[in-house]
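Enquirer: Encoded as structure tokens, here's the structure I'll be asking about.
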Amino acid sequence: MNRAALIAEIFRKKSFLCIGLDTELSKVPAHLQKESDPVYEFNCRIIDATRHLCVAYKPNLAFYEALGPQGWQTFARTVEYIGKEHFIIADAKRGDIGNTSKKYAEAFFRILNCDAVTIAPYMGKDSVAPFLEFREKWAIVLALTSNQGSADFQTDRQESTGEELWEKVLRVVQTWGTTENLMFVTGATHPQAFEKIRSIVPDHFLLVPGVGAQGGDLHAICKHGLNDDCGLLVNASRSILYASDGEDFAERAHEEALRLQVEMKNIMKERYTDM
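Following the working numbering, the numbering of the sequence shown begins with 169 at its first residue and continues without gaps.
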């Protein structure tokens, strides 16, 4: 999915919601455990209940890889079930030497038909560049993440420039691609940083995890994070997936996704006067 199509979907649905499919087999409701592929059945029902409320899905590879060979099949079937009308992010956090990254890119873009892959930039430009060579595909580079450990390295201040490490990542990595193929992960648990983030990358899309179970404030993010094209994909995972552990899990997931979508719609109405 290219940038124009993504923006069009955001404004059509009045939503910039991304739903993380971080599905744990042990948390799949009991009535689905008898299915041959419980995780897939769970994902399908979540998708059916929410697809009209979100613009993107983000399955996290760890939860599928942990299931062995069947987990990869489940991941591929889930991507196929989502279809082409949604932006599909493989949350794989890849990033290796160039020829290895090339194979990762081929796997996720050509074989699995995902739109984007999350990338760790620690190994530098040649580990990210292969993901940027595919037309209408995206690299989503980790910059300032939502986890507690982000403070271990990402906020270290650079003696030469006085900027924090995540700021250098944004400043340098944006020169490797364009606003058409490069996004950044910036966590919702750092709302105070979004004004600075937008001063460095005013036009790039940001993937924002941390809303929902991690406690990120949607309004605080949007205050400085929105740009003229929206420019945000805000992710919620556990708060939607596990809104209920009973047979009503899909209905409850719908309710939570709807709550976020309505909040996003109201924010967009305030920001974009022609809506």
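We put the beta carbon where it would ideally sit given N, CA and C, even for glycine.
From the DSSP secondary-structure annotation, give me the bridge partner or partners of CYS186.
Expert: For the purposes of this step, residue 186 is identified with residue 18 of the sequence shown, where counting begins at 1. Beta-bridge pairing links CYS186 to ALA224, ASN403.
Enquirer: Which residue marks the beginning of the beta strand (DSSP E) containing LEU312, and which one marks its end?
Expert: Within the sequence shown, the letter at position 144 stands for residue 312. 306–312 is the extent of the beta strand (DSSP E) around LEU312.
Enquirer: In the DSSP assignment, what residue or residues form a beta bridge with ILE256?
Expert: The count along the sequence shown starts at 1 and reaches residue 256 at position 88. Looking at the DSSP output, ILE256 sits in a beta bridge with TYR225.
Enquirer: Can you pull the DSSP bridge partners for ASN395?
Expert: Within the sequence shown, the letter at position 227 stands for residue 395. According to DSSP, which records beta bridges pairwise, ASN395 is partnered with CYS398.
Enquirer: Where SER204 and THR354 are concerned, what is the direct C-alpha to C-alpha distance, given to the nearest angstrom?
Expert: In the sequence shown, counting from the first residue as 1, residue 204 sits at position 36. In the sequence shown, counting from the first residue as 1, residue 354 sits at position 186. If you take the alpha carbons of SER204 and THR354, they lie about 37 Å apart.
Enquirer: Determine the direct distance from the alpha carbon of VAL247 to that of LEU280, and round the result to whole angstroms.
Expert: Locating residue 280 in the sequence shown gives position 112, where the first residue counts as 1. Locating residue 247 in the sequence shown gives position 79, where the first residue counts as 1. Cα-Cα distance, rounded: 7 Å.
Enquirer: Taking a contact to mean a Cβ-Cβ separation below 8 Å, would you say ILE148 touches HIS392 in this structure?
Expert: Any property of residue 148 remains undetermined from this structure, which presents the chain solely from 169 to 443.
Enquirer: Could you round the C-beta distance between ARG406 and ASP190 to whole angstroms and report it? I think they count as a contact, below 8 Å.
Expert: Working through the sequence shown from its first residue, we reach residue 406 at position 238. Working through the sequence shown from its first residue, we reach residue 190 at position 22. Their Cβ separation, rounded to whole angstroms, is 7 Å, which keeps ARG406 and ASP190 in contact under 8 Å.
Enquirer: Helix, strand or coil for GLU203? Go by DSSP, reduced to three states.
Expert: By 1-based counting over the sequence shown, the position of residue 203 is 35. Residue state, collapsed to three classes: coil.
Enquirer: Taking the alpha-carbon positions, what's the LYS437 to HIS199 distance?
Expert: As a working mapping, residue 437 is identified with position 269 in the sequence shown. As a working mapping, residue 199 is identified with position 31 in the sequence shown. The alpha-carbon atoms of LYS437 and HIS199 are separated by roughly 41 Å.
Enquirer: For ALA288, I'd like the list of residues in its chain whose CB is within less than 6 Å of its CB, leaving aside the five on either flank, ordered along the chain.
Expert: Within the sequence shown, numbered from 1, the residue matching residue 288 stands at position 120. These residues qualify, in order along the chain: LYS261, GLY263, LEU310.
Enquirer: Since PHE417 and PRO197 are thought to touch, with beta carbons under 8 Å apart, how far apart are those beta carbons, to the nearest angstrom?
Expert: Here residue 417 refers to the residue found at position 249 of the sequence shown. Here residue 197 refers to the residue found at position 29 of the sequence shown. That belief holds up - the Cβ atoms of PHE417 and PRO197 are roughly 5 Å apart, short of 8 Å.
Enquirer: What are the start and end residues of the beta strand (DSSP E) that includes VAL353?
Expert: Counting from 1 along the sequence shown, the entry for residue 353 is found at position 185. VAL353 -> beta strand (DSSP E) spans 350–354.
Enquirer: Could you compute how far the alpha carbon of ALA130 sits from the alpha carbon of PHE302?
Expert: Nothing about residue 130 can be reported from this structure: the residues present for the chain run from 169 to 443 only.
Enquirer: Pull up the CB-CB distance for VAL402 and LEU185, whole angstroms please, since I reckon it's below 8 Å.
Expert: For the purposes of this step, residue 402 is taken as residue 234 along the sequence shown, with counting starting at 1. For the purposes of this step, residue 185 is taken as residue 17 along the sequence shown, with counting starting at 1. The Cβ separation is near 6 Å, so the contact holds.
Enquirer: Once the 5 residues before and after GLY444 are set aside, which same chain residues still bring their CB inside 6 Å of it?
Expert: Here the chain has residues from 169 to 443 only, and residue 444 is not among them.
Enquirer: Taking only the alpha-carbon atoms, compute the straight-line gap between THR268 and ALA307 and give it to the nearest angstrom.
Expert: As a position in the sequence shown, residue 268 is number 100, starting the count at 1. As a position in the sequence shown, residue 307 is number 139, starting the count at 1. CA-to-CA, the gap between THR268 and ALA307 works out to about 15 Å.
Enquirer: Which stretch, first to last residue, makes up the alpha helix (DSSP H) that contains ALA176?
Expert: Within the sequence shown, residue 176 is the residue found at index 8, counting from 1. First-last of the alpha helix (DSSP H) with ALA176: 171–181.
Enquirer: How is the beta strand (DSSP E) around ILE287 delimited, first residue to last?
Expert: Taking the first residue of the sequence shown as 1, we reach residue 287 at position 119. Start and end: 284–287.
Enquirer: Quick check on this structure: which residue in SER412, CYS398, ARG278 has the alpha carbon closest to the alpha carbon of ALA173?
Expert: Along the sequence shown, one-based indexing puts residue 173 at 5. That would be CYS398, whose Cα lies nearest to the Cα of ALA173.
Enquirer: Could you give the first and the last residue of the continuous alpha helix (DSSP H) run that contains PHE417?
Expert: Mapped onto the sequence shown, residue 417 falls at position 249. Unbroken alpha helix (DSSP H) run through PHE417: 417–439.
Enquirer: How big is the Cα-Cα spacing for ILE408 and HIS254?
Expert: Here residue 408 corresponds to residue number 240 of the sequence shown, with the count starting at 1. Here residue 254 corresponds to residue number 86 of the sequence shown, with the count starting at 1. Taking the straight line joining both Cα atoms gives about 17 Å.
Enquirer: For ASN211, count the other beta carbons within 10 Å of its own beta carbon; 16 or more makes it buried, fewer makes it exposed. Which is it?
Expert: Stepping through the sequence shown from its first residue, residue 211 is reached at position 43. Residue environment for ASN211: buried (at least 16 other C-beta atoms within 10 angstroms of its C-beta).
Enquirer: What whole-angstrom Cβ distance do VAL285 and VAL341 have, given they're in contact under 8 Å?
Expert: The count along the sequence shown starts at 1 and reaches residue 285 at position 117. The count along the sequence shown starts at 1 and reaches residue 341 at position 173. Contact flag wrong, Cβ pair sits at about 14 Å.
Enquirer: So the candidates are GLY414, VAL207, ASP283, ILE214; which of them puts its Cα closest to the Cα of LEU235?
Expert: For this step, residue 235 is matched to residue 67 along the sequence shown. Checked all of GLY414, VAL207, ASP283, ILE214; the closest Cα to LEU235 is VAL207.
Enquirer: Report yes if the CB atom of LYS195 is closer than 8 Å to the CB atom of ASP413, and no otherwise.
Expert: For the purposes of this step, residue 195 is taken as residue 27 along the sequence shown, with counting starting at 1. For the purposes of this step, residue 413 is taken as residue 245 along the sequence shown, with counting starting at 1. Yes, the pair counts as a contact, with Cβ atoms nearer than the cut-off.
Enquirer: Thinking just about the alpha-carbon of each residue, which of GLN429, ARG439, TYR440 is nearest to the one in LYS181?
Expert: Residue mapping note: residue 181 aligns to position 13 of the sequence shown, counting from 1. Selected option, being the one with the closest Cα: GLN429.
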